[in-house]
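Asks: Have a look at this one.
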Amino acid sequence: MEILPAIDLKEGLAVRLSKGLMDSAKVYSKEPWELAKKFEDMGAKWLHIVDLDGAFAGEARNHKVIEKIVSSTNLNIEVGGGIRDEKRIIEYKNLGVYRFILGSIALKNPQFVKDMALKYSLVVGIDAKDGMVAVEGWAEVSDMRAVDLAKEYANAGVDAIICTDISKDGMLSGVNIKFSEEIAIASGIDTIASGGVKDINDIIAAKNSGKIAGIIVGKAYYEGKIDLKEAFSLS
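By numbering that gives the first Met the number 0, the letter at position 158 of the sequence shown is numbered 157, and the numbering carries on one by one without gaps.
Here you go:
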């Protein structure tokens with residue numbers, strides 16, 4: 000099971016939100032590339048980056064910062080937030096980004112995602128509020144059930160699904176293991192749990208589930224609730 004440290008970018012800074020609310024942003028680093036290097040030194044193989052400004056605007060807004068992060072480490076980097084077309088995928092690929100997270104467009108244009116999955120390394124991001132898919136930086140909640148969207152991508156060639164329970168995100172209240180397992184079962188695709196990691200016990204629970212391929216760690220690290228070196232030793 001992979002552990003993916005997370006860097007969320009807002010106006011070039013590394014921040015964390017609570018329940019996806021932009022006005023809840025707390026700044027943790029003014030130099031995100033140094034943070035990425037620190038994760039690598041701790042033993043990380045992957046880095047999960049979200050362009051929060053891009054997620055709300057529908058277009059990339061932290062391109063230069065992401066470029067600096069990529070050039071500062073040898074991590075496998077996945078990026079999401081505002082990727083709506085192939086042009087943006089190509090731009091990130093040219094920077095050295097390893098794979099690309101498609102969220103809102105995965106709901107609105109499944110065929111596009113399936114077409115891109117034939118050409119690029121893609122992850123589908125499924126963010127849910129009360130089991131229903133949320134899009135546009137979580138500002139809108141659709142009438143699509145998260146598990147039904149997961150089924151849409153079974154055998155579609157995407158690398159993985161990242162599933163986030165918005166009610167848990169940034170709250171240090173524990174990962175929604177059951178929700179992550181439901182997505183994994185519905186899709187048959189490697190599923191990465193996101194949102195709510197509070198301590199090492201969440202890492203252990205995700206690993207013991209046997210159905211979860213990865214877990215994203217954000218606020219728990221920034222608030223000193225988890226020792227990432229210990230977590231990497233368990234993965």
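For glycine and all other residues, C-beta sits at the position ideal for the given N, C-alpha and C.
Are there 16 or more other CB atoms within 10 angstroms of the CB of S179, so buried, or fewer, so exposed?
Replies: For the purposes of this step, residue 179 is identified with residue 180 of the sequence shown, where counting begins at 1. By the neighbour-count rule (16 or more Cβ atoms within 10 Å), S179 is buried.
Asks: Give a yes or no on whether the minimum CB-CB distance between D226 and chain C is below 9 angstroms.
Replies: Going by chain labels, chain C is absent from the structure shown, which holds only one protein chain.
Asks: Please go through the same chain and pick out, in chain order, the residues whose beta-carbon is closer than 7 angstroms to the beta-carbon of V235, but skip the five residues on each side of it.
Replies: Because residue 235 is not part of the residues shown, which for the chain are 0 to 234, the question remains open.
Asks: Below 9 angstroms between beta carbons: does that hold for I165 and K18?
Replies: As a working note, residue 165 is residue 166 in the sequence shown. As a working note, residue 18 is residue 19 in the sequence shown. Yes, the pair counts as a contact, with Cβ atoms nearer than the cut-off.
Asks: Closer than 8 angstroms by C-beta to L227: which residues in its own chain qualify, once you throw out the five before and the five after it? Chain order, please.
Replies: Your numbering for residue 227 matches position 228 in the sequence shown. Counting only Cβ-Cβ distances below 8 angstroms, and skipping sequence neighbours, we find I2, P4, F38, M41, G42, A43, V216, Y220.
Asks: What span of residues does the alpha helix (DSSP H) with R87 cover, start to end?
Replies: Indexing the sequence shown from 1 puts residue 87 at position 88. Counting along the chain, the alpha helix (DSSP H) containing R87 begins and ends at 85–94.
Asks: Considering only C-alpha positions, which residue in the set L121, A116, G194, S208 is nearest to C162?
Replies: Position 163 of the sequence shown, counted from the first residue, corresponds to residue 162. The shortest Cα separation from C162 among L121, A116, G194, S208 belongs to G194.
Asks: My parser needs the beta strand (DSSP E) runs of 3 or more residues fully inside the stretch 17–72; what are they?
Replies: For the stretch 17–72, whole beta strand (DSSP E) runs of length 3 or above, ordered along the chain, are 20–28, 45–50.
Asks: Of the residues T72, A155, V26, which one's Cα is nearest the Cα of S186?
Replies: As a position in the sequence shown, residue 186 is number 187, starting the count at 1. That would be A155, whose Cα lies nearest to the Cα of S186.
Asks: Quick one: is G223 buried, meaning 16 or more other Cβ sit within 10 Å of its Cβ, or exposed?
Replies: Counted from its first residue, the sequence shown places residue 223 at position 224. That one is exposed.
Asks: For S172, which option in I199, T190, R98 has the closest C-alpha, if you only look at C-alpha atoms?
Replies: Within the sequence shown, numbered from 1, the residue matching residue 172 stands at position 173. Taking only the C-alpha atoms, the option nearest S172 is I199.
Asks: Taking all protein chains shown into account, decide if G79 is buried (16 or more other Cβ within 10 angstroms of its Cβ) or exposed.
Replies: Residue 79 sits at position 80 when you count from the first residue of the sequence shown. That one is buried.
Asks: Can you tell me which residues form a DSSP beta bridge with L117?
Replies: To locate residue 117, count along the sequence shown from 1; it is residue 118. L117 pairs with nothing; no bridge assigned.
Asks: Can you tell me where the alpha helix (DSSP H) with K107 in it begins and where it stops?
Replies: Here residue 107 corresponds to residue number 108 of the sequence shown, with the count starting at 1. Segment 103–107, the alpha helix (DSSP H) holding K107.
Asks: Helix, strand or coil: how does DSSP classify S172 here?
Replies: Within the sequence shown, the letter at position 173 stands for residue 172. Coil, per DSSP.
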